[in-house]
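According to the working numbering, the sequence shown is numbered sequentially starting from 25.
Note that CB positions come from ideal geometry on N, CA and C, so glycine has one too.
The structure under discussion appears below in the form of structure tokens.
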Amino acid sequence: MQFSFIDSIHKIPASEWDALCPLDYPFIRHAFLAALEDSQSTHINNGWEISHLVCYQDQTLIAAMPGYIKTHSYGEYVFDWAWADAYARYGMNYYPKWINAIPFTPCTGPRLLINEKYFSSELIDQIIKQLNQACAEKNYSGWHCLFPDEKQHQIFHRHNIDTRLGCQFHWFNLDYKNFDDFLQRLQSRKRKNIRKERQQVIDQGCRFVMKENTDIKEDDLRTFYSLYRNTYLKRSGHPGYLSLDFFLMIGQQMPENVVLIQATDQQQNIIAAALFFRDQHTLYGRYWGCFAGYQYLHFETCYYQGIDYSIANKLQRFDGGAQGEHKIARGFEPVITYSQHWLQSPDFQTTLAIFLRKEAEGVKAYAEEAKGLLPFKQEVR
25 MQFSFIDSIH KIPASEWDAL CPLDYPFIRH AFLAALEDSQ STHINNGWEI
75 SHLVCYQDQT LIAAMPGYIK THSYGEYVFD WAWADAYARY GMNYYPKWIN
125 AIPFTPCTGP RLLINEKYFS SELIDQIIKQ LNQACAEKNY SGWHCLFPDE
175 KQHQIFHRHN IDTRLGCQFH WFNLDYKNFD DFLQRLQSRK RKNIRKERQQ
225 VIDQGCRFVM KENTDIKEDD LRTFYSLYRN TYLKRSGHPG YLSLDFFLMI
275 GQQMPENVVL IQATDQQQNI IAAALFFRDQ HTLYGRYWGC FAGYQYLHFE
325 TCYYQGIDYS IANKLQRFDG GAQGEHKIAR GFEPVITYSQ HWLQSPDFQT
375 TLAIFLRKEA EGVKAYAEEA KGLLPFKQEV R
């Protein structure tokens, strides 16, 4: 087996990379990673130096991990600032670090791509060995795998890579016929609250248009970017992690995975929009923006319209993004997420392992408490 780190996704033909990708999960596909790279959303100048790990056997690509050398922890959604501070207090550098992740995308999914024909415990051992050696040779503090799916979390766990737990909130489709059918599963008061919220949006003159695939035109994406940028500027003073070119590229190169919900006012001006991705089983709520503030407009555009779409298209799950306890009252259930962490320093790794075990107890307790706050009638919890 021959391993190497590559500094561009374009060094691997799209057909070879995508042949390793399971099903149609969008975020690890060649086109998505290429759009991030080609739009310079991931670039050494903004702290995302591309460093994908690939493995060949007899000139056949048998494994790959999208990877980045990071000089900060922005855009990851697995918060390790305290770890960096601890390193600094001991006169050590936490950055650079190497992460196996999808930038700006806290969506659980495959992170280690392997041709099943070549899968073996020996191959996993070799991959881990390559990552550990890279950290030693290039002076990375360690390597991290963010939001792997259950299968890959278990693979790393069996190879003694420490696990960190997190909690997100996802909506699940119990074969609902329509939104009202979903509401019938809720307690009366919760059901009335959601109906009230949706009606208030309508009463303010807002209407919604759903577009997908090739119905999404370049002008739609340009308008969406203006909304996205405007919202980021108001919230944080910077224009957002992603550029206009990124949105144009994903619209052109992977339209089958993109869904756009536009909100208009009484004059049919676009005032807000949410951009989703999808595969055959899941809707992923990703980006949002607005020009004007309307009560409950965010909930309607980003969540209720997403639920409507998921039901109509018989999707099993709606991943509404990271964090957000406000989702609980709207029927989004707590879901445990994973990340895997290896630090080059034995002392810090030992301390980290103790911390992660204690933190995991708190995360599990939090998820159980959140379950008790779900709006469902007792029989469907």
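I'd like to know whether the C-beta atoms of residue i and residue j end up nearer to each other than 8 Å.
{"i": "residue 72", "j": "residue 54", "result": "no"}
{"i": "residue 169", "j": "residue 124", "result": "yes"}
{"i": "residue 282", "j": "residue 294", "result": "no"}
{"i": "residue 91", "j": "residue 76", "result": "yes"}
{"i": "residue 324", "j": "residue 259", "result": "no"}
{"i": "residue 347", "j": "residue 285", "result": "no"}
{"i": "residue 138", "j": "residue 86", "result": "yes"}
{"i": "residue 194", "j": "residue 300", "result": "no"}
{"i": "residue 149", "j": "residue 177", "result": "no"}
{"i": "residue 267", "j": "residue 65", "result": "yes"}
{"i": "residue 127", "j": "residue 60", "result": "yes"}
{"i": "residue 117", "j": "residue 335", "result": "no"}
Apply the 10 Å Cβ neighbour rule to residue i and answer buried if 16 or more other Cβ atoms are within range, or exposed otherwise.
{"i": "residue 120", "result": "buried"}
{"i": "residue 405", "result": "Bear in mind that the predicted position of residue 405 carries a pLDDT of just 47, short of 50, making it unreliable; the figure below should be weighed with that in mind. Answer is exposed; the Cβ neighbour count stays below 16."}
{"i": "residue 305", "result": "exposed"}
{"i": "residue 28", "result": "exposed"}
{"i": "residue 389", "result": "exposed"}
{"i": "residue 166", "result": "buried"}
{"i": "residue 378", "result": "exposed"}
What distance in whole Å lies between the Cβ atoms of residue j and residue i, which are believed to be in contact at a cut-off of 8 Å?
{"i": "residue 313", "j": "residue 254", "result": "6 Å"}
{"i": "residue 101", "j": "residue 130", "result": "4 Å"}
{"i": "residue 204", "j": "residue 47", "result": "About 31 Å separates the two Cβ atoms, so there is no contact after all."}
{"i": "residue 270", "j": "residue 63", "result": "4 Å"}
{"i": "residue 397", "j": "residue 360", "result": "Not quite, the Cβ-Cβ distance comes to about 16 Å (not below 8 Å), so this is no contact."}
On a CA-only basis, which of the options is nearest residue i? Give me that one, please.
{"i": "residue 225", "options": "326, 37, 347 and 33", "result": "326"}
{"i": "residue 134", "options": "362, 385 and 376", "result": "362"}
{"i": "residue 161", "options": "368, 376, 396 and 393", "result": "368"}
{"i": "residue 33", "options": "67, 378 and 49", "result": "67"}
{"i": "residue 38", "options": "379, 180, 25 and 52", "result": "52"}
{"i": "residue 384", "options": "141, 190 and 173", "result": "190"}
{"i": "residue 97", "options": "107, 349 and 389", "result": "107"}
{"i": "residue 402", "options": "210, 109, 391 and 95", "result": "210"}
{"i": "residue 229", "options": "320, 308, 238 and 262", "result": "320"}
{"i": "residue 192", "options": "141, 355 and 364", "result": "355"}
{"i": "residue 308", "options": "262, 148, 59 and 331", "result": "331"}
{"i": "residue 380", "options": "188, 36, 352 and 78", "result": "188"}
{"i": "residue 245", "options": "201, 336 and 279", "result": "279"}
{"i": "residue 488", "options": "366, 391 and 375", "result": "Residue 488 cannot be examined here, being either before or after the span of the chain that is shown, 25 to 405."}
{"i": "residue 202", "options": "398, 345, 338 and 181", "result": "338"}
{"i": "residue 250", "options": "132, 311, 387 and 351", "result": "311"}
{"i": "residue 200", "options": "70, 114, 227 and 340", "result": "340"}
{"i": "residue 93", "options": "79, 171 and 69", "result": "69"}
DSSP state of residue i, grouped into three classes?
{"i": "residue 178", "result": "helix"}
{"i": "residue 98", "result": "coil"}
{"i": "residue 276", "result": "helix"}
{"i": "residue 328", "result": "helix"}
{"i": "residue 371", "result": "helix"}
{"i": "residue 363", "result": "strand"}
{"i": "residue 230", "result": "coil"}
{"i": "residue 252", "result": "helix"}
{"i": "residue 405", "result": "Note that residue 405 scores a pLDDT of 47, beneath 50, so its modelled location is shaky; the value from the coordinates is reported in the next line. Note: residue 405 maps to coil in three-state DSSP."}
{"i": "residue 208", "result": "coil"}
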